[in-house]
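Quick note on numbering: full-length UniProt numbering labels position 167 of the sequence shown as 167, and the sequence is numbered without any gaps. Structure first, commentary second.
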Amino acid sequence: MMLFSAEDPLEDIFRIVKNELQRGALDPIHPFRFLSLASHTDSDIDVRYVVLRKLDEEMNLFFFTDYRSTKVRQLKNKPDAALLFYHPGERVQVRIKGKIEIYHQNDISRSFWSTIQGDAQKAYNAITPPGEIIPDPRTAYNWPTEMDDRFFCLIKVIPIHIEALQIHGLNHIRVVFQKKKDNWEMDWLAP
Numbered sequence: 001m002m003l004f005s006a007e008d009p010l011e012d013i014f015r016i017v018k019n020e021l022q023r024g025a026l027d028p029i030h031p032f033r034f035l036s037l038a039s040h041t042d043s044d045i046d047v048r049y050v051v052l053r054k055l056d057e058e059m060n061l062f063f064f065t066d067y068r069s070t071k072v073r074q075l076k077n078k079p080d081a082a083l084l085f086y087h088p089g090e091r092v093q094v095r096i097k098g099k100i101e102i103y104h105q106n107d108i109s110r111s112f113w114s115t116i117q118g119d120a121q122k123a124y125n126a127i128t129p130p131g132e133i134i135p136d137p138r139t140a141y142n143w144p145t146e147m148d149d150r151f152f153c154l155i156k157v158i159p160i161h162i163e164a165l166q167i168h169g170l171n172h173i174r175v176v177f178q179k180k181k182d183n184w185e186m187d188w189l190a191p
């Protein structure tokens with residue numbers, strides 16, 4: 001199967017990619033629901049999976065994390081990141097580079113916190129901070145009796161560069177979309 005072909009106009013491919021990202025944010029079983037997020041320090045690169053929670057009209061991507069996590073420290077220090085999505089059924093890879101905005105303990109983060117219900121709030125309320133060395137795995141399974149948003153963090157990725165690669169035998173198709181002011185410039189790339 002293919003999401004797009006060489007006969008499709010670039011504008012249509014852009015809409016297709018945007019639609020698939022939107023589906024990933026809405027559908028828990030869509031392959032774009034989980035993405036790899038790469039961040040960096042002065043001397044190292046980290047990559048991990050995160051869950052796509054929202055895609056807005058401007059194509060900004062949102063995910064949640066614990067404010068105490070290493071990724072938040074890295075993104076605060078170097079507020080840019082790379083994202084990688086892969087759809088095995090359609091054989092499409094999407095890479096996004098973007099700028100980061102971090103929302104914590106403010107109206108924007110609270111509006112997202114209000115959508116998290118029940119035990120899902122535990123993901124952002126563990127007593128032991130993420131990445132801390134512990135004597136036993138069960139040590140990490142402790143939460144306060146009352147859940148709150150003090151460690152909940154919303155990360156917004158503002159895309160500036162998007163590439164999509166349609167894998168197709170020997171005839172792969174690769175496109176690039178680059179944000180210039182308020183418009184997206186679109187080009188074909190050699191795969």
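Quick reminder that beta carbons are idealized off the backbone N, C-alpha and C, glycines included.
Ranked by Cα distance from Leu-154, the first of Asn-77, Asn-106, His-40 and Asp-12 is Asn-106. In the structure shown, Arg-68 adopts coil according to DSSP, grouped into three states.
The DSSP-derived three-state label of Gln-166 is strand. Unbroken alpha helix (DSSP H) stretches of 4 residues or longer found wholly inside the region 135 to 180: none. Here Thr-41 has Gln-74, Asn-77 and Lys-78 as same chain residues with Cβ atoms under 8 Å from its own Cβ, once five neighbours each way along the sequence are excluded. Distances from the CA of Leu-83 to each of Glu-90, Gly-89 and Val-94 were compared; the closest alpha carbon is that of Val-94. Cβ contact annotation for Asn-60 (same chain, cutoff 6 Å, sequence separation greater than five): Lys-156 and Ile-158, in chain order. Short of 6 Å from the beta carbon of Val-176, and not among the five residues preceding or following it, lie these beta carbons of its own chain, in chain order: Glu-163, Asp-187 and Leu-189.
In the structure shown, Leu-52 adopts coil according to DSSP, grouped into three states. CA-to-CA, the gap between Arg-48 and Leu-37 works out to about 5 Å.
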